[in-house]
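J.: Here you go, one structure.
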């Protein structure tokens with residue numbers, strides 16, 4: 005019979021009396037989690053104030069220092085990355101901008117149109133900090149007038165880069181002048197577009213998306229937690245812990261980014277992972293504490309048991325996730341290194357918070373966590389508990405494990421089949437950018453008025469003096485060799501530019517295709533292997549690189565392909581070893597890896613169906629299909645493998661606990677899953693909701709990331725944990741715990757305490 009928990013108790017109850025149930029066998033308070041929980045419960049004021057001080061200081065330091073983000077050349081990899089960095093070092097830093105002027109009725113030759121162009125040109129020239137202002141009527145700039153004559157562009161440059169505050173002030177001033185010109189000439193369409201103004205606009209969109217993700221995730225998470233716990237106080241604790249952990253991590257990233265710049269989207273990734281694991285860890289801990297309290301233990305004893313059991317699971321799960329995330333350091337790209345840093349930090353902060361400030365809060369609140377009951381919700385939760393959905397499913401699975409396990413595996417394989425056609429790359433503008441944003445609409449109008457039928461690559465040549473006769477002759481041979489491949493290199497007049505110190509020269513060459521198709525890839529191969537090496541590349545003392553947008557996409561994909569085996573090997577090996585030591589079984593880690601790979605493959609298949617074949621695109625708010633962003637599949641694998649281990653460790657800890665206390669494997673599986681189904685389901689629903697919010701954001705990369713992660717967690721918490729895991733364990737029986745004699749030296753880790761028969765979940 006469950007003991008009724010007293011509400012509105014002003015102070016935590018006294019330590020347990022002799023009549024209190026003894027601590028469960030196997031619960032050893034010598035472990036790190038138990039020590040941390042016990043210390044925090046006894047020094048709760050210091051623990052809570054210390055946590056708040058840590059969060060406040062971390063966030064304030066980060067806000068004052070700022071976050072240094074990766075530039076395009078810093079993020080680029082391979083030969084194209086080297087080319088970008090050589091160019092960035094040799095040429096004056098400047099931002100290219102242009103003002104688009106359009107009229108539906110007038111052409112560029114009409115006096116009225118010329119007057120508008122003159123006014124815009126005058127306004128741009130009057131803006132402090134602008135240089136190299138070019139009119140579309142200049143003889144050197146004939147391409148600034150569209151073929152139909154209704155569109156023109158006034159070009160200019162701003163000295164500095166995107167990190168230069170003065171340059172960005174000039175951009176803002178020029179934007180103000182452009183808007184003023186639009187107001188002065190309402191019958192014309194006058195808009196500004198360029199690297200600086202676009203970046204500024206995109207930063208605003210990123211911030212808007214981050215705000216949407218934050219304020220969309222928090223109320224949904226709170227509602228789900230209220231449904232899980234039935235009280236506002238208990239629901240608020242995991243959310244509060246997750247929020248403070250995310251804030252602290254965002255602050256810590258600031259000073260770290262000054263040493264190693266991070267990807268601009270790192271704040272979104274921190275929010276995504278931080279809310280998920282922060283809520284999960286607190287939920288596991290809090291659920292065990294309430295379970296022990298309901299079994300008749302005092303608040304203090306309940307916290308001790310929760311710290312020694314669920315606290316240990318949180319610690320092991322956190323280490324598993326951190327190790328998995330560390331695999332991104334082997335991906336060979338700065339983007340992944342920054343993702344690894346952000347995710348490792350937020351998981352580590354979540355673990356530390358769960359093991360320290362959480363038990364302190366629970367000790368202070370005591371049975372006060374039951375305050376704030378929602379009227380009528382208790383009866384609803386009782387009805388759901390009586391239905392026992394997971395108990396019914398599990399009973400059927402364990403009665404016929406081969407049938408249900410086979411059906412679940414077949415469904416996952418069917419979902420994974422489309423992943424064979426997974427295409428990675430950089431989606432075009434119509435597919436990747438939010439089409440309702442003004443900056444994107446301006447870009448589309450520029451592309452429509454000045455269509456580019458071909459893409460381009462850039463040959464970068466570095467030497468002591470690029471104007472020397474030897475280099476000049478080599479460049480001439482380069483042009484002649486390119487003329488032999490006009491089907492792939494159609495341009496007849498390469499754009500050549502020499503750096504001010506004459507140590508670098510760039511040669512822009514048009515290539516066939518759109519930059520990502522087979523023609524463009526073939527042109528890149530020809531340029532790198534057949535054109536550059538025997539010509540300019542053969543000159544003594546010269547270094548050559550082929551860069552440009554198409555080359556950067558190809559190099560990034562090549563880097564991913566070459567480094568994926570290292571990432572997979574590291575993550576799988578680390579997970580195997582950790583589970584081997586934790587459960588002293590060679591079968592458990594092998595089975596866990598197979599199940600996780602199956603769920604990841606199924607998630608990839610769903611992404612292909614949605615984003616490459618367009619299933620449900622109207623619901624998600626995008627109109628054009630295209631490739632999956634190059635970095636997302638690897639990022640998803642690492643994140644999903646880490647997060648799925650949370651549930652695996654949590655469930656298997658209970659299974660091993662029951663098995664070690666004398667239950668048969670089949671009974672232990674039934675006990676563990678029925679006893680954890682509620683908390684695992686709640687944790688999964690919170691994760692799915694948070695990830696799904698990202699599926700509604702503006703950029704296609706966030707949609708892909710959110711949808712992929714949401715589906716994967718949904719699959720993992722239902723088909724994997726609810727069907728395939730129990731079915732496979734029932735079929736294997738005691739062989740689940742087989743360990744070769746040669747590995748008998750592995751120390752035994754005590755798992756959670758004596759099993760109690762669970763209520764139906």
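Numbering (my numbering), first residue to last: 5 to 765.
Backbone N, C-alpha and C fix where the C-beta goes; we use that ideal spot for every residue, glycine too.
Note that the structure is a prediction, hence the values are computed from the model and not measured.
1) Taking the beta carbon of residue 219 as the centre, do at least 16 other beta carbons fall within 10 Å, making it buried, or is it exposed?
2) Go through the stretch 47–99 residue by residue and report every complete run of the alpha helix (DSSP H) that reaches 4 residues or more, in order.
3) Is it buried or exposed for residue 334, if we count other Cβ within 10 angstroms and need 16 for buried?
4) What is the rounded straight-line gap between the Cα of residue 276 and the Cα of residue 250?
5) Using three-state DSSP, classify residue 302 as helix, strand or coil.
6) When the Cα atoms are used, what is the spatial distance from residue 668 to residue 738?
7) From residue 314 to residue 704, what does the alpha carbon distance come to, in whole angstroms?
8) On the DSSP bridge list, what partners appear for residue 235?
9) In angstroms, rounded to a whole number, what distance separates the CA positions of residue 695 and residue 451?
10) Less than 7 Å between C-beta atoms, sequence neighbours within five positions excluded: which residues of the same chain meet that for residue 271?
11) Kindly indicate the opening and closing residues of the alpha helix (DSSP H) around residue 113.
12) Whose CA, out of 93, 494, 224, lies closest to the CA of residue 686?
13) May I ask you to report which of helix, strand or coil DSSP gives residue 193?
14) List the DSSP bridge partners of residue 499.
15) Just to confirm before moving on: does the CB-CB distance between residue 515 and residue 461 stay below 8 Å?
16) Please report how far the alpha carbon of residue 709 lies from the alpha carbon of residue 636, in whole angstroms.
17) What residues in its chain sit with their C-beta under 8 Å from that of residue 454, if we drop five residues either side in the sequence?
18) List the endpoints of the continuous alpha helix (DSSP H) containing residue 642.
19) Beta strand (DSSP E) containing residue 157: first to last residue?
20) Span of the beta strand (DSSP E) holding residue 462?
21) Assuming residue 367 is part of the alpha helix (DSSP H), what are its boundary residues?
22) Below 8 Å on the Cβ atoms is my guess for residue 354 versus residue 281; work out the distance and round it to an integer in Å.
23) Using the C-alpha atoms, what's the distance from residue 660 back to residue 666?
24) Quick check on the DSSP output: the beta strand (DSSP E) that includes residue 137 runs from which residue to which?
25) Cα separation between residue 421 and residue 442?
26) Would you check if the distance between the CB atom of residue 677 and the CB atom of residue 411 is smaller than 8 Å?
27) Is the distance from the Cβ of residue 716 to the Cβ of residue 652 below 8 Å?
28) Inspect the CB distances between the stretch 81–88 and the stretch 556–569 and report whether three or more fall short of 8 Å.
29) Name the residue from 94, 159, 284 whose alpha carbon lies nearest to the alpha carbon of residue 124.
30) Check this for me: beta carbons of residue 73 and residue 265, under 8 Å apart or not?
31) Which value, in whole angstroms, describes the spacing of the CA atoms of residue 363 and residue 180?
32) How many Å lie between residue 122 and residue 98 at the Cα?
33) Pairing CB atoms from the stretch 475–490 with CB atoms from the stretch 534–547, are three or more of them under 8 Å?
34) Hey, how far is the Cα of residue 671 from the Cα of residue 228?
35) Does DSSP classify residue 181 as helix, strand or coil?
36) Excluding the five sequence neighbours on either side, which residues of its own chain have a C-beta within less than 7 Å of the C-beta of residue 279, listed in chain order?
T.: Quick look at the numbers:
1) Here residue 219 is taken as the residue at index 215 of the chain shown, counted from 1. Exposed: under 16 other Cβ atoms inside 10 Å.
2) 48–69, 76–79, 82–94
3) Against the chain shown, residue 334 aligns to sequence position 330. Buried is the call here.
4) If you number the chain shown from 1, residue 276 lands on position 272. If you number the chain shown from 1, residue 250 lands on position 246. Their backbone Cα atoms lie some 9 Å apart in a straight line.
5) Looking up residue 302 in the chain shown gives position 298. Residue state, collapsed to three classes: coil.
6) The residue given as residue 668 occupies position 664 in the chain shown. The residue given as residue 738 occupies position 734 in the chain shown. Each residue's Cα considered, the two are about 8 Å apart.
7) Numbered from its first residue, the chain shown carries residue 314 at position 310. Numbered from its first residue, the chain shown carries residue 704 at position 700. So the alpha carbons of these two residues sit roughly 37 Å apart.
8) Position 231 of the chain shown, counting from 1, holds the residue named residue 235. Its beta-bridge partners are 377.
9) Position 691 of the chain shown, counting from 1, holds the residue named residue 695. Position 447 of the chain shown, counting from 1, holds the residue named residue 451. Near 34 Å, if we compare the C-alpha coordinates of residue 451 and residue 695.
10) Locating residue 271 in the chain shown gives position 267, counting from the first residue. The residues are 214, 254.
11) Position 109 of the chain shown holds residue 113. Here residue 113 belongs to no alpha helix (DSSP H), and DSSP marks it neither H nor E.
12) As a first step, residue 686 is located in the chain shown; it is residue number 682 there, counting from the start. Comparing Cα positions, the closest option is 224.
13) To locate residue 193, count along the chain shown from 1; it is residue 189. Note: residue 193 maps to strand in three-state DSSP.
14) On the chain shown, residue 499 is found 495 positions in, with the first residue counted as 1. For residue 499, which the question treats as bridged, DSSP gives the partners 512.
15) Position 511 of the chain shown holds residue 515. Position 457 of the chain shown holds residue 461. Yes; because the gap between Cβ atoms is below 8 Å, this pair is in contact.
16) Along the chain shown, read from residue 1 onward, the residue named residue 709 stands at position 705. Along the chain shown, read from residue 1 onward, the residue named residue 636 stands at position 632. For residue 709 and residue 636, the distance between alpha carbons rounds to 7 Å.
17) Numbered from 1 along the chain shown, position 450 holds the residue referred to as residue 454. Excluding sequence neighbours, residue 454 sits near 147, 150, 155, 157.
18) Residue numbering aside, residue 642 sits at position 638 when the chain shown is read from its first letter. Segment 636–664, the alpha helix (DSSP H) holding residue 642.
19) Translated into positions along the chain shown, residue 157 becomes position 153. Secondary structure note for residue 157: its beta strand (DSSP E) is the uninterrupted segment 155–163.
20) Mapped onto the chain shown, residue 462 falls at position 458. Taken as a continuous stretch (DSSP letters only), the beta strand (DSSP E) holding residue 462 covers 459–466.
21) In the chain shown, residue 367 corresponds to position 363, counting from 1. Segment 361–369, the alpha helix (DSSP H) holding residue 367.
22) Here residue 354 corresponds to residue number 350 of the chain shown, with the count starting at 1. Here residue 281 corresponds to residue number 277 of the chain shown, with the count starting at 1. Indeed they touch by this definition, with Cβ atoms about 5 Å apart.
23) Locating residue 666 in the chain shown gives position 662, where the first residue counts as 1. Locating residue 660 in the chain shown gives position 656, where the first residue counts as 1. Taking the straight line from one Cα to the other gives about 10 Å.
24) Counted from its first residue, the chain shown places residue 137 at position 133. It spans 134–138 - the beta strand (DSSP E) in which residue 137 sits, taken as one unbroken run.
25) Counting from one through the chain shown, the residue named residue 421 turns up at place 417. Counting from one through the chain shown, the residue named residue 442 turns up at place 438. So the alpha carbons of these two residues sit roughly 39 Å apart.
26) Start at 1 with the first residue of the chain shown, and residue 677 comes out as number 673. Start at 1 with the first residue of the chain shown, and residue 411 comes out as number 407. Not closer than 8 Å, so no.
27) What you label residue 716 is simply residue 712 of the chain shown in a count that begins at 1. What you label residue 652 is simply residue 648 of the chain shown in a count that begins at 1. No; because the gap between Cβ atoms is not below 8 Å, this pair is not in contact.
28) Yes: at least three Cβ pairs fall under 8 Å.
29) Residue numbering aside, residue 124 sits at position 120 when the chain shown is read from its first letter. For the residues 94, 159, 284, the minimum Cα distance to residue 124 belongs to 159.
30) Counting from 1 along the chain shown, the entry for residue 73 is found at position 69. Counting from 1 along the chain shown, the entry for residue 265 is found at position 261. Going by C-beta atoms, residue 73 is nearer than 8 Å to residue 265.
31) Against the chain shown, residue 363 aligns to sequence position 359. Against the chain shown, residue 180 aligns to sequence position 176. Those two C-alpha atoms are separated by around 54 Å.
32) Here residue 122 is taken as the residue at index 118 of the chain shown, counted from 1. Here residue 98 is taken as the residue at index 94 of the chain shown, counted from 1. C-alpha separation (whole angstroms): 24 Å.
33) Counting Cβ pairs under 8 Å, three or more are found: they touch.
34) As a working mapping, residue 671 is identified with position 667 in the chain shown. As a working mapping, residue 228 is identified with position 224 in the chain shown. Taking the straight line joining both Cα atoms gives about 30 Å.
35) Within the chain shown, numbered from 1, the residue matching residue 181 stands at position 177. The answer is helix: DSSP assigns residue 181 an H, G or I state.
36) In the chain shown, residue 279 corresponds to position 275, counting from 1. 221, 225, 246, 250, 694, listed in sequence order.
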